[in-house]
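Accompanying notes for the structure given below.
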Amino acid sequence: VAGPIVLSGHSAGGHLVARMNCEDVVLSTDAAARLARILPISPLSDLRPLMQTQMNRDFRLDAVEAAAESPLLNAARRGIETRVWVGAEERPAFLDQARWLAEGWDEARLHIAPGRHHFDVIDGLADGTSPMMRALLDGV
Numbered sequence: 044v045a046g047p048i049v050l051s052g053h054s055a056g057g058h059l060v061a062r063m064n065c066e067d068v069v070l071s072t073d074a075a076a077r078l079a080r081i082l083p084i085s086p087l088s089d090l091r092p093l094m095q096t097q098m099n100r101d102f103r104l105d106a107v108e109a110a111a112e113s114p115l116l117n118a119a120r121r122g123i124e125t126r127v128w129v130g131a132e133e134r135p136a137f138l139d140q141a142r143w144l145a146e147g148w149d150e151a152r153l154h155i156a157p158g159r160h161h162f163d164v165i166d167g168l169a170d171g172t173s174p175m176m177r178a179l180l181d182g183v
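In case it helps, the numbering used here puts the sequence shown at residues 44 to 183.
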């Protein structure tokens, strides 16, 4: 399909979408040229805090890998709009992760959705006229 590419993902998916916008991620020339906007929703932008959790027994992240795979710690592609979305009622860690990414990348903006938590913040994706969908698609 021809045209611009816009990407969105939630939580770990938000991490993956943000990684797609990092300069060190290899994309085809065509895909890189067509990438217009990303909308990471409640993203994990810095994986280093995960090293201190019980989950890291399964993840086995070390400091080098956590830094290498953290969007916040990698340069973002230039000219790609990043609209970071997070629910106002989310756990502080998710609010921090979203804020860090929005503050760390020059072309990123943060939207904190009033009254939304980690599991309903994505509801706007089901409504083509929602503020979330407008942030994702308007002008593309």
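We put the beta carbon where it would ideally sit given N, CA and C, even for glycine.
Buried or exposed (CB count within 10 angstroms, at least 16 for buried), residue i
| i | result |
| --- | --- |
| D89 | buried |
| A76 | exposed |
| R103 | exposed |
| A55 | exposed |
| E133 | buried |
| Q140 | buried |
| P135 | exposed |
| V49 | buried |
Opposing strand residues paired with residue i [DSSP bridges]
| i | result |
| --- | --- |
| S51 | L82 |
| L153 | V127 |
| A119 | C65 |
Nearest to residue i (by Cα), restricted to the options the options
| i | options | result |
| --- | --- | --- |
| G122 | L180, L78, A111 | L78 |
| I155 | S113, I48, G182, L82 | L82 |
| E146 | T125, V49, G130, D101 | T125 |
| P174 | R142, P135, W143, W128 | W128 |
| R177 | V44, S51, G46 | S51 |
| E108 | A45, P92, A119 | P92 |
| A131 | D105, A119, G158, E112 | G158 |
| G57 | A74, A106, R80, D105 | R80 |
Nearest-angstrom Cβ-Cβ length linking residue i and residue j, presumed shorter than 8 Å
| i | j | result |
| --- | --- | --- |
| S71 | F137 | Contact flag wrong, Cβ pair sits at about 32 Å. |
Sufficient close CB pairs (3 or more, under 8 Å) joining the region 166-179 to the region 54-62: Taking a contact to require three or more Cβ pairs closer than 8 Å, the region 166-179 and the region 54-62 do not qualify as touching.
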